[in-house]
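S.K.:
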Amino acid sequence: MKHLLAVDWGTSSLRGALLDRHGKVLQERTFARGILTVPPGEFATVFEACFEPWTRAAGTFCLISGMAGSRQGWVEAPYCACPAGLDDIARQLVWVTPGCIAIVPGLRCEQDSIPDVMRGEETQVFGALQLLDLRDAVLVLPGTHSKWVRVASNRMEHFTTFMTGEFYALLRQHSILARTLPGDDGDLDVDAFNQGVALALHSASLLQTAFSARTLSLFERLPAAALPSYLSGLVIGEELRTQPLEAGAQVVLVGADTLTQRYELALAQRRVPVRRVGQDAAWRGLWAIASALSSSPTGIP
Numbered sequence: 001m002k003h004l005l006a007v008d009w010g011t012s013s014l015r016g017a018l019l020d021r022h023g024k025v026l027q028e029r030t031f032a033r034g035i036l037t038v039p040p041g042e043f044a045t046v047f048e049a050c051f052e053p054w055t056r057a058a059g060t061f062c063l064i065s066g067m068a069g070s071r072q073g074w075v076e077a078p079y080c081a082c083p084a085g086l087d088d089i090a091r092q093l094v095w096v097t098p099g100c101i102a103i104v105p106g107l108r109c110e111q112d113s114i115p116d117v118m119r120g121e122e123t124q125v126f127g128a129l130q131l132l133d134l135r136d137a138v139l140v141l142p143g144t145h146s147k148w149v150r151v152a153s154n155r156m157e158h159f160t161t162f163m164t165g166e167f168y169a170l171l172r173q174h175s176i177l178a179r180t181l182p183g184d185d186g187d188l189d190v191d192a193f194n195q196g197v198a199l200a201l202h203s204a205s206l207l208q209t210a211f212s213a214r215t216l217s218l219f220e221r222l223p224a225a226a227l228p229s230y231l232s233g234l235v236i237g238e239e240l241r242t243q244p245l246e247a248g249a250q251v252v253l254v255g256a257d258t259l260t261q262r263y264e265l266a267l268a269q270r271r272v273p274v275r276r277v278g279q280d281a282a283w284r285g286l287w288a289i290a291s292a293l294s295s296s297p298t299g300i301p
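First residue of the sequence shown? That's 1 in UniProt numbering, and the numbers climb one at a time after it.
1. Going by DSSP, what residue range makes up the beta strand (DSSP E) through Pro273?
2. Beta-carbon within less than 6 Å of Phe2's beta-carbon, same chain only, minus the 5 sequence neighbours each way: which residues are those?
3. Using the Cβ count rule (16 or more neighbours within 10 Å means buried), how would you classify Glu121?
4. Per DSSP, which residues does Cys109 bridge with? Please list them.
5. Just mark Glu48 as buried or exposed, buried being the case when its beta carbon has 16 or more other beta carbons within 10 Å.
6. Helix, strand or coil: how does DSSP classify Glu157 here?
7. Could you pull out every residue in the same chain whose Cβ sits closer than 7 Å to the Cβ of Leu240, ignoring the five residues on either side in sequence?
8. Could you name the residues of the same chain whose beta carbon sits closer than 6 Å to that of Gly73, not counting the 5 residues immediately before and after it, in chain order?
9. State buried or exposed for Ser113, treating a residue as buried only when at least 16 other CB atoms are found within 10 Å of its CB.
10. Helix or strand or just coil, what does DSSP make of Trp148?
11. Is Leu5 helix, strand or coil when you go by DSSP?
12. Report the partner residues of Leu188 according to the DSSP bridge assignment.
13. Can you tell which of Gly165, Arg155 and Leu206 has its C-alpha closest to the C-alpha of Thr144?
14. Cβ of Gly10 less than 9 Å from any chain D Cβ?
15. For Cys109, which residues from the same chain have a beta carbon less than 7 Å from its beta carbon, with the 5 sequence-adjacent residues on both sides left out?
16. Which residues does DSSP list as the beta-bridge partners of Glu28?
17. Going by CA-CA distance only, name the one from Ser153, Gly248, Val140 and Val7 that's closest to Trp54.
18. With a floor of 4 residues, list each alpha helix (DSSP H) that falls wholly inside the stretch 71-97, ordered by position along the chain.
19. Tell me whether Gln250 is buried or exposed, calling it buried when 16 or more other Cβ atoms sit within 10 Å of its Cβ.
20. From which residue to which residue does the alpha helix (DSSP H) around Thr60 run?
21. By Cβ distance below 6 Å, which residues in the same chain neighbour Arg155 in space, the five residues on each side in sequence not counted?
22. Straight-line CA distance for Arg71 to Gln124?
23. Can you find at least 3 beta carbon pairs, one from the stretch 186-200 and one from the stretch 214-230, that sit closer than 8 Å?
24. With C-beta atoms as the reference, is Leu63 less than 9 Å away from Ala290?
25. Alpha carbon to alpha carbon, what distance is there between Thr161 and Asp20?
26. Scan the stretch 224-278 and note each continuous beta strand (DSSP E) run of 3 residues or more that stays entirely inside, going in chain order.
27. Below 8 Å on the Cβ atoms is my contact criterion, and I expect Leu171 with Ala198 to pass it. Report the Cβ-Cβ distance as a whole number of Å.
28. Once the 5 residues before and after Val235 are set aside, which same chain residues still bring their CB inside 7 Å of it?
29. Kindly indicate the opening and closing residues of the alpha helix (DSSP H) around Leu132.
30. Quick one, are the C-beta atoms of Val140 and Leu253 less than 9 Å apart?
Right under this line is the structure:
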C-alpha cells in the first residue's frame, strides 16, 4: 500500500483524505454528496468523479467508513459485534473491489436485550486512541446522535447512543419553544449555556426543564438571543446527568470544536477533565484499520 484514500461518507457529506504509508495526510477534499444525494446505482460514479486523480495513482488502496455501508449506501456492511478491536473490524471489511476498495463495518452492542449501533464513529474512536496513545478510555462523540464509548485494552467494549442533537433540533424547530427562540442560533452565550447545564444536572427530567426556556423568556429573565445556548445547555446537561462519572475521571471528546467546546464546558460542572481530538481522528482510524489489514496473515486480497 503506497497510499491510502481514507473516505468518510456520511448522510449529508462526503470527505476524503490521501494518506502516505506512514499515515500523514497529504491532501483533503470535502463534497456535499452525502449518501442521501446519490441515486441508487450511482455510488461508483460519484466516488470516481470526486476522487479520480487519487484512485488512478498506482498503489492506492481505498477504505470507506460511515453510512456508505448502510442499507441506503453503496454496499451494506453487516455490523461487527462488540467487544471489537482493530483486527475484528479488519476481518469483516466488505469489498467493493477486491484489493482496491473496501467498506468498514459499523459496530453493534446490546444492553438489556436492546441493540445499539454506530457507523463511522468506530474509526474516529480508534483514531483518537492512537493520536493520544491510549488503550483504555471513555470517549464521547457529540453530534446529532451522540455516542458514549468505553474502551478497554484497545477494544471497544460497549457504547450508548443519545439523540441529543436531534432532540435539540426538534425542540428548536417544532415545539412551542420555536415561537420564542430567534431565527438563528448565533454565537454561543457561555453564561446562558452553563445555566442550562446546571439546571439539567440538578433536575429530574428534560420533559420538565425544557419548558423553562419559554418561561424565562416570558418573564424576561433571559434575552431571546441567549435562549438557543440555554436550550443547548439543557439537552447536553440531560445527557451528562445520566452518566456515572466520577470527579477527576478523564473523558476524551472527539469531533468538531463547536460541539466539543460545549461538552467540555458541561463536563467541567461535574469536575471531569477532558482531552479533545478533532475530526482528523477519522483519517487516523482508517489508517489504523488499513495497517491492521496489511499486517494480518491474509492481508489485502
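Quick reminder that beta carbons are idealized off the backbone N, C-alpha and C, glycines included.
M.R.: Reading from the atomic positions:
1. Within the sequence shown, the letter at position 273 stands for residue 273. From DSSP, Pro273 is part of no beta strand (DSSP E); its letter is neither H nor E.
2. As a working note, residue 2 is residue 2 in the sequence shown. As written in the sequence, residue 2 is Lys, which differs from the Phe given in the question. Closer than 6 Å at the Cβ level, and outside the excluded window around Lys2, lie Gly59.
3. Within the sequence shown, numbered from 1, the residue matching residue 121 stands at position 121. Counting Cβ neighbours within 10 Å, Glu121 comes out buried, since at least 16 surround it.
4. Position 109 of the sequence shown holds residue 109. For Cys109, which the question treats as bridged, DSSP gives the partners Asp116.
5. By 1-based counting over the sequence shown, the position of residue 48 is 48. So Glu48 ends up on the exposed side.
6. Locating residue 157 in the sequence shown gives position 157, where the first residue counts as 1. Correct three-state label for Glu157: strand.
7. Translated into the one-based positions of the sequence shown, residue 240 becomes position 240. For Leu240, where only same-chain residues beyond five positions count, the Cβ hits under 7 Å are Leu201, Ala266, Leu267 and Arg270.
8. The residue you call residue 73 lines up with position 73 of the sequence shown. Ile35 and Met67, listed in sequence order.
9. Sequence index remark: in the sequence shown, residue 113 carries index 113 (1-based). With fewer than 16 Cβ atoms within 10 Å of its Cβ, Ser113 is classed as exposed.
10. Position 148 of the sequence shown, counting from 1, holds the residue named residue 148. Strand at Trp148.
11. As a first step, residue 5 is located in the sequence shown; it is residue number 5 there, counting from the start. Of the three classes helix, strand and coil, the one that applies to Leu5 here is strand, per DSSP.
12. Reading the sequence shown from its first residue, position 188 is the one you call residue 188. According to DSSP, Leu188 bridges with nothing at all.
13. The residue given as residue 144 occupies position 144 in the sequence shown. Looking at the Cα atoms, Gly165 is the closest of the given residues.
14. Protein chain content of the structure displayed is limited to a single chain, and chain D is not contained in it.
15. Locating residue 109 in the sequence shown gives position 109, counting from the first residue. The answer, listed in chain order, is Cys82, Asp116, His158 and Phe159.
16. As a working note, residue 28 is residue 28 in the sequence shown. Per DSSP, Ala17.
17. On the sequence shown, residue 54 is found 54 positions in, with the first residue counted as 1. Comparing Cα-Cα distances from Trp54 to each of Ser153, Gly248, Val140 and Val7, the minimum goes to Val7.
18. 86-91
19. Stepping through the sequence shown from its first residue, residue 250 is reached at position 250. Answer is exposed; the Cβ neighbour count stays below 16.
20. What you label residue 60 is simply residue 60 of the sequence shown in a count that begins at 1. Premise fails: Thr60 lies in the beta strand (DSSP E), Thr60 to Gly66, not in any alpha helix (DSSP H).
21. Here the question's residue 155 lines up with position 155 in the sequence shown. Pro83 and Gly85, listed in sequence order.
22. Here residue 71 is taken as the residue at index 71 of the sequence shown, counted from 1. Here residue 124 is taken as the residue at index 124 of the sequence shown, counted from 1. Near 21 Å, if we compare the C-alpha coordinates of Gln124 and Arg71.
23. yes
24. By 1-based counting over the sequence shown, the position of residue 63 is 63. By 1-based counting over the sequence shown, the position of residue 290 is 290. Yes, Cβ-Cβ distance for Leu63 and Ala290 is below 9 Å.
25. As a working mapping, residue 20 is identified with position 20 in the sequence shown. As a working mapping, residue 161 is identified with position 161 in the sequence shown. Roughly 33 Å separates the two Cα atoms.
26. 251-254 and 274-277
27. As a working note, residue 171 is residue 171 in the sequence shown. As a working note, residue 198 is residue 198 in the sequence shown. So it is not a contact: roughly 18 Å between Cβ atoms.
28. Counting from 1 along the sequence shown, the entry for residue 235 is found at position 235. Only Thr164, Phe167, Tyr168 and Leu206 meet the Cβ criterion.
29. Mapped onto the sequence shown, residue 132 falls at position 132. Residues Glu121 to Leu132.
30. For the purposes of this step, residue 140 is taken as the residue at position 140 of the sequence shown. For the purposes of this step, residue 253 is taken as the residue at position 253 of the sequence shown. Result yes, Cβ atoms of Val140 and Leu253 sit closer than 9 Å.
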